[in-house]
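**Student:** Quick one: this structure, given as structure tokens, is what I'll be asking you about.
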Amino acid sequence: MLSLIFIAITVWRLKHGYFQPFKSASQKFVTSTEKLYLSGFSSDGDVEKIGCDDLRQTGYLDIERSILLHDNITQIALSVSSHPMIQEILDQTAHGVKIFEPHDLIESHLSQFAGSGVWLSQLNVYIVASRVVYTAPGTSWPTISFLRGRVFDKSWRHLENYTIDWYGKTTTFPLLFEIPTVWWKDGSFFGPEDPRIVLEEGVQGAEPIIVFNMILNATGYPRVMWIFKPFSRIISYLRIRGEERKPTEKNWAPFFYRADSERKPSEHLYFVYSFNPLQVLKCKVDTGSCDWFYRATSSPDFPSLPHQDPHGEMRGGTNFVQVPLAGQSGHQFFVGLPRTHVQFCQSGSSYRPELVVMSAFDSEFRFIYASVATDFGNAVLDQNELLHPCTTGAFLIPNSILRWDHGPGEDAMALSFSVADESIHIVNLHGMLDFIQDLPYVANSVTYRGDHNTPSLKSRWSVIEKEIISCAVDSAANSSRKDAIKTDMLSEELRN
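The sequence shown lines up with residues -17 to -1, 1 to 479 when you count with mature numbering (1 follows the signal peptide of the UniProt record, and there is no 0).
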């Protein structure tokens, strides 16, 4: 079967001119930047000023045009075709035929997106994990997904047959990671989805961790979160102790958090479980056992402001990374890019990223800033996607913060995005550290002392951060509604 697939693919690629070399990412690399003006919502803790207009904060970053990552579709096709589920489907498709058209496998049934990566400074390479989706003939939803690993140099040139030796275990890239996956005939949505890679920066011996969601082979076949170490090949699923498992768990935003200065690989990985209210989980990396680490509390003394139904919510997007700020009275700050999911367009949901800053002090977490939804100007979406925000431009999903170079005269952050569940883009932002340092809470944090965790202050901040997130989601909803009206794509339910 594999030989037939290879011959058919080779013939088809020759016929269609597909042996022309891919353009390398470095050929599209653009070093010039443009201003990205960001409006958002921030607070220094004044509970008397919590309306969206009161919380308004403006600033800007510099942004480079995105780099589009290409891949070898033939190589991917040959890799996934060995999976028993796909072999069974191909046997049915090719029944009674000596050879089948390879575009049955390639053109309309394979897609790749959700690329997430980290920079391995000791090797001077990026490792990127992306989701490869196979959709069986006659269906319109994913049949089974795989995680593909690749390695790139600092200029985003792909490195073929690159081997990483991790304490005696070797892994050669590119590859499909071997992740045991439950499946059954005529089923769908199998395999790992929405990969996110995190790495504990500056810690000797720290291994990258890939986080994803996947169906668990258990009663009811729930979708749960998993962690996977790509070099040591250790995998475990995550479960919240003392709670009944939900049918679906996904969209957890991972990060590393330390209350001390110990610099050995952490035994725990933390997750922003929800954004409104803010809830944080602490999970053991080796066992997958999770406990609630922080859950925002509320008080009737500080009621929330009313908001219209935004027809959506804020969900996990990228990982959160620590902001390199020293001497801030014990504060730690983290930055990430979640995404809003709103439903105003007639054709379905739309997704846009936001920039969010979170503070931590004595195991108390707060959202201190959230930007409005942004499409990053002309850096990621092309003109057609910008003109059609309800169709071709509806899905702009942030996947990872890959790297943050900061120092004297340097402040560059590399991000990855998916567009329309079809492509992987790399974007470089400049000026993030200055942007965060100008936020009122950050600028004033050095003067804050021992009153961080009084019951009154906790209750006040639960209202403030709820308003910060609600204002950001409202903004995304208003923008989506305007886009839908402008393009005559407002859903009938909202029109009536």
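Backbone N, C-alpha and C fix where the C-beta goes; we use that ideal spot for every residue, glycine too.
These numbers come from a predicted model, not from an experiment.
Taking 8 Å as the cut-off, decide whether the C-beta atoms of L44 and L19 are in contact.
**Tutor:** yes
**Student:** Nearest to D136 by alpha carbon, out of Y117, T164 and S104?
**Tutor:** S104
**Student:** Name the residue from I468, W235 and I452 whose alpha carbon lies nearest to the alpha carbon of R39.
**Tutor:** I452
**Student:** So A60 is in the beta strand (DSSP E); what residue range does that whole segment cover?
**Tutor:** No beta strand (DSSP E) contains A60, which is instead part of the alpha helix (DSSP H) from I56 to V63.
**Student:** If I'm right that V306 touches I419 with Cβ under 8 Å, what's the distance once you round it to whole angstroms?
**Tutor:** 6 Å
**Student:** Taking the beta strand (DSSP E) that D274 falls in, what are its first and last residues?
**Tutor:** S272 to R278
**Student:** In chain order, what are the residue ranges of uninterrupted beta strand (DSSP E) at least 3 long that sit wholly in the segment 114 to 200?
**Tutor:** 127 to 135, 145 to 149, 152 to 156, 176 to 181 and 192 to 198
**Student:** Can you say whether G151 is buried or exposed, counting buried as having 16 or more other CB atoms within 10 angstroms of its CB?
**Tutor:** exposed
**Student:** Using CA coordinates, which residue listed in D466, L398, T375 and T357 is at the minimum distance from L21?
**Tutor:** T357
**Student:** Leaving aside the five residues before and after D404 along the sequence, list all residues of the same chain whose C-beta is less than 7 Å from its C-beta, in chain order.
**Tutor:** S94, F96 and F378
**Student:** Would you list the one or two residues that DSSP bridges to I210?
**Tutor:** Residue pairing from DSSP places I210 in a beta bridge opposite V194 and S219.
**Student:** Measuring only the C-alpha atoms, how far is T231 from G203?
**Tutor:** 11 Å
**Student:** Taking the continuous alpha helix (DSSP H) assigned at A236, which residues delimit it?
**Tutor:** Note, A236: premise wrong, no alpha helix (DSSP H); beta strand (DSSP E) at A236 to F238.
**Student:** For the beta strand (DSSP E) containing C328, list its first residue and its last residue.
**Tutor:** R322 to C328
**Student:** For V30, I'd like the list of residues in its chain whose CB is within less than 8 Å of its CB, leaving aside the five on either flank, ordered along the chain.
**Tutor:** F285, R443, V446 and I447
**Student:** At the level of alpha carbons, what is the spacing between A8 and A201?
**Tutor:** The pLDDT assigned to A8 is 39, lower than 50, so where the model puts this residue is not dependable; a value taken from the coordinates is nonetheless given after this. If I take the Cα positions, the gap works out to 42 Å.
**Student:** For N427, which three-state DSSP category applies?
**Tutor:** Here N427 sits in helix by DSSP.
**Student:** Let me know the secondary structure DSSP gives K18 once reduced to three states.
**Tutor:** strand
**Student:** Quick one: using the 10 Å Cβ neighbour count with 16 as the cut-off for buried, is residue 480 buried or exposed?
**Tutor:** The displayed coordinates of the chain run from -17 to 479. Any statement about residue 480 would go beyond what the structure contains.
**Student:** What residues in its chain sit with their C-beta under 8 Å from that of G313, if we drop five residues either side in the sequence?
**Tutor:** F344 and D345
**Student:** By Cβ distance below 6 Å, which residues in the same chain neighbour T146 in space, the five residues on each side in sequence not counted?
**Tutor:** Scanning its chain for C-beta atoms nearer than 6 Å, with the 5 sequence neighbours on each side dropped, one finds around T146 the residues T153 and T155, in chain order.
**Student:** Taking the alpha helix (DSSP H) that E368 belongs to, which residues open and close that run?
**Tutor:** Q366 to L370
**Student:** Can you give the Cα-Cα distance for K233 and A426, rounded to whole angstroms?
**Tutor:** 34 Å
**Student:** To the nearest angstrom, how far is it from the Cα of R464 to the Cα of F327?
**Tutor:** Distance between the alpha carbons of R464 and F327 is about 6 Å.
**Student:** Considering L93, what are the terminal residues of the beta strand (DSSP E) in which it resides?
**Tutor:** L93 to L103
**Student:** Could you tell me which residues DSSP puts in a beta bridge with F24?
**Tutor:** R39 and A353
**Student:** Would you kindly work out how many angstroms separate the C-alpha atoms of E227 and T126, rounded to a whole number?
**Tutor:** 28 Å
**Student:** To the nearest angstrom, how far is the alpha carbon of K168 from that of L61?
**Tutor:** K168 and L61: Cα-Cα distance of roughly 21 Å.
**Student:** Quick one: Cα of I192 to Cα of G299, how far?
**Tutor:** CA-to-CA, the gap between I192 and G299 works out to about 17 Å.
**Student:** Take A279 and list the residues in its own chain whose beta-carbon comes closer than 6 Å to its own, dropping the five residues that flank it on each side.
**Tutor:** Cβ within range, chain order: P260, L261 and S445.
**Student:** Would E337 and V325 be called neighbours here (beta carbons separated by less than 8 Å)?
**Tutor:** no
**Student:** Buried or exposed: which applies to V165, given that a residue is buried once 16 or more other Cβ atoms fall within 10 Å of its Cβ?
**Tutor:** exposed
**Student:** CB-CB under 6 Å to W209, same chain, minus the five flanking residues each way: which ones, in chain order?
**Tutor:** Excluding its 5 nearest sequence neighbours in each direction, W209 has C-beta neighbours in its own chain below 6 Å: F195, M197 and Y220, listed in chain order.
**Student:** Kindly identify the DSSP beta-bridge partner or partners of G390.
**Tutor:** E393
**Student:** Under three-state DSSP, which class holds I69?
**Tutor:** helix
**Student:** At the level of alpha carbons, what is the spacing between R335 and E296?
**Tutor:** 11 Å
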